[in-house]
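For reference, the structure is listed below as structure tokens.
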Amino acid sequence: MMSSSNFGAGQSEYTGEYKKVRAAGSVKVFDCNIEDLFMSGDVNITNSNITKARVIGCVNAEKVVFDQGDILGHFTSTGICKAQIMHIAGVLNAEYFDAQILTDSKHFKNDKNATTVWSGNIKATTFESYHNFKVGPDCNFKNIINMNKILSGDKIYCNNLISFSSIVTDLINADNIYITSVAGTKVKQIEGEYVWIGRQLPRHERITNIPKTLKNLIICKIRKIKKVEVDTIEADVIDIDYVKATKISGEIVNVGNNCIVDVVEYSKDLNLSKKAIVKSVVKL
Amino acid sequence: MNNDKELITKKELLIETGISYGQLYRWKREGVIPDEWFIKRSSFTGQETYFKRKQILERIEIVKELRSKHSLEDLAKILSPDISEKIFLIDELKKIDEISSGILVSIKEVYDKKDFSLKEIVVFICVSKLQSECSLDVKQTSDILSDIKSCIADINNLDFKMIILKLSDRLGTILYSSDKEIVISNELSVLAKYNLKEISEAVILKYREEKLHYFDEE
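Next comes the structure, spelled out in structure tokens:
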């Protein structure tokens, strides 16, 4: 039978089914189904399903499935833990954590200069970044949406990357790459199928349909427009504006008004703006 | 055309194979083409990427052939398997044609266990070939298996070549990274040379449909 609500303070333990749990202190939850968990302190959750979790403090989860979670503090996941939507502001250490949508939480502001580095095997269909975030080698994100601050990492691999803020990395490898021209973006190499760099995100189905917490990507505002600095771009289709690059190579290449490129290589089609500065063009 | 016949530039590769940048980079991302196969060198336009011609053309051929049957994730596991991940059971060794029944006794003697990793399977195949090519007796087979066992203990991938050497009546093994060259003294005679990576790929491709324990999904 489901308990409607339960309040605890100090040390408490929960097992069974609950509609609401409100607790503070040191809490153990095991073999539980909880619709709404709201607590502060240290919580150990084992073998449970939580529909909605809001926790400030330290969470140790083992074999837990969350529908929706909002965690401020330190989240450690052991065994396989899963979530539909999970916001984590703080530390994440995961043996294997798999989320449909994972964010470093827009709900909390952290230190301006602090960079979040999550460790362990972290998988997400979509990762939304709102703080300075470093993508680690074990992060497996299909889609990355960079909303705010700086996204970094030695290599950023994903299927779709959409960025409204700065990126600093050696390599971006994705099928579809959309980067708005924001101050501070420096990438050595961009490689993929479709690369767009410019001011206003185009309304392409391949990005509007990806799972996300944001209602509309197209209306996201960008600040401080500045040329994106790239060494090389290689893709089937390249559509760029506000880019300073050493070399770009593609099948179909569109170079817009505000570009400075040393070498453009193309194999099928090339559109060069009269206002773009291109030193050399090579037809492959 | 690139002067160095062993290498092929990325542009030449795309033209020769008919694949696109998108495909090439997706295959790289998914691990079907390893990162280290992209060799960067300076050129008059800045930097050019090269590949080992034979290696990359063979890989693209395999990927194109298997693409319709397997997902890229599966292909990455087949072509660049995590050798520590899964096991073959001892009874399954008999189902692998390349492992001769003659070395099973020596395997049991040297490896006192019932399950084996992919790298061990590859070693057994090499030793089976060696046994038939050089007519090794049971003692020599056990000695060489034991020697290789200590040699492969620390490797965590199969991108290695193995040389079997003979000095008077003793056999020994050298294992070296595939992209390195080694020089061998004239005092030693080379009995055999094996490419572990090629053998592992061939074994995985051949036995994938055989319902061996190794291919069980998690």
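Listed in order, the protein sequences are those of chains A and B.
Residues 618 to 901 (the numbering used here) make up the first sequence, in order.
Residues 56 to 273 (the numbering used here) make up the second sequence, in order.
Every residue gets a Cβ at the ideal spot worked out from N, C-alpha and C, and that includes glycine.
The structure displayed is predicted, hence computed values, not measured ones.
Taking residue i as part of the alpha helix (DSSP H), name the residues at either end of that continuous run.
i, result
"B:L200", "193-207"
"B:K65", "65-72"
"B:Q78", "76-84"
"B:S183", "173-189"
"B:K168", "Here B:K168 belongs to no alpha helix (DSSP H), and DSSP marks it neither H nor E."
"B:K132", "127-134"
"A:R823", "822-825"
Tell me, please, whether the CB atom of residue i is closer than 8 Å to any CB atom in chain B?
i, result
"A:E808", "yes"
"A:N790", "yes"
"A:E822", "no"
"A:K699", "no"
"A:L831", "no"
"A:Y713", "no"
"A:Y635", "no"
"A:L778", "no"
"A:T863", "yes"
"A:L889", "no"
"A:L579", "With chain A running from 618 to 901 in the structure shown, residue 579 of chain A is simply not present."
"A:Y774", "yes"
"A:V860", "no"
Residue i bridges to which residues according to DSSP?
i, result
"A:C698", "A:F714"
"A:M703", "A:G686, A:L719"
"B:M217", "B:L230, B:Y249"
"A:G753", "Partner(s): none; A:G753 has no beta bridge."
"B:V238", "B:V238 pairs with nothing; no bridge assigned."
"A:K803", "A:V785, A:E846"
"B:I94", "B:Y105"
"A:L654", "A:V638, A:A670"
"A:T900", "A small fix is needed here, since residue 900 of chain A is Lys in this sequence, not Thr. In the DSSP output, where bridge partners are listed per residue, A:K900 has A:Y883."
"B:A257", "According to DSSP, which records beta bridges pairwise, B:A257 is partnered with nothing at all."
"A:A678", "A:I662, A:S694"
"B:S244", "B:K221"
"A:N763", "A:S746, A:S780"
Is any non-hydrogen atom of the ligand SAH found closer than 7 Å to the C-beta of residue i, if you look at the structure I gave you?
i, result
"A:K861", "Among the ligands in the structure shown, none appear at all, so the ligand SAH cannot be discussed."
Would a check of beta-carbon distances place residue i closer than 8 Å to chain A?
i, result
"B:Y231", "no"
"B:Y249", "no"
"B:K66", "yes"
Counting only the same chain and skipping the five closest in sequence on each side, list residues whose C-beta sits under 6 Å from that of residue i.
i, result
"A:R639", "F624, F655"
"A:Y713", "I697, N738"
"A:A716", "A700, M703, A741"
"A:S783", "I767, V799, G801, T802"
"A:R823", "N793"
Going along the chain, which residues of its own chain have a beta-carbon closer than 7 Å to the beta-carbon of residue i, five neighbours each way excluded?
i, result
"A:D721", "I705, A706, T733, S746, Y747, H748, F750"
"B:D198", "L226"
"A:Q628", "G642, S643"
Within the continuous beta strand (DSSP E) that includes residue i, where are the two ends?
i, result
"A:L889", "877-889"
"A:L778", "777-780"
"A:V566", "Because chain A in this structure spans residues 618 to 901, residue 566 of chain A falls outside the shown range and cannot be described."
"A:L768", "767-774"
"A:E745", "736-746"
Which residues in the same chain have their Cβ closer than 8 Å to the Cβ of residue i, if we skip the five residues on either side of it in sequence?
i, result
"B:S201", "V165"
"B:I237", "I218, I229, Y231"
"A:N874", "D858, S890, K892, A893"
Contact residues within the stretch 74-90 of chain B, judged by C-beta distance below 7 Å to chain A: S75, Y76, G77, Y80, R81, K83, R84
Interfacial residues, the stretch 112-137 of chain B to chain A, with Cβ spacing under 9 Å: none
The stretch 865-882 of chain A: positions lying closer than 9 Å to chain B by Cβ: S866, G867, E868, D879, V880, E882
Contact list for the stretch 840-854 of chain A against chain B, Cβ threshold 8 Å: D848, T849, E851, A852, D853
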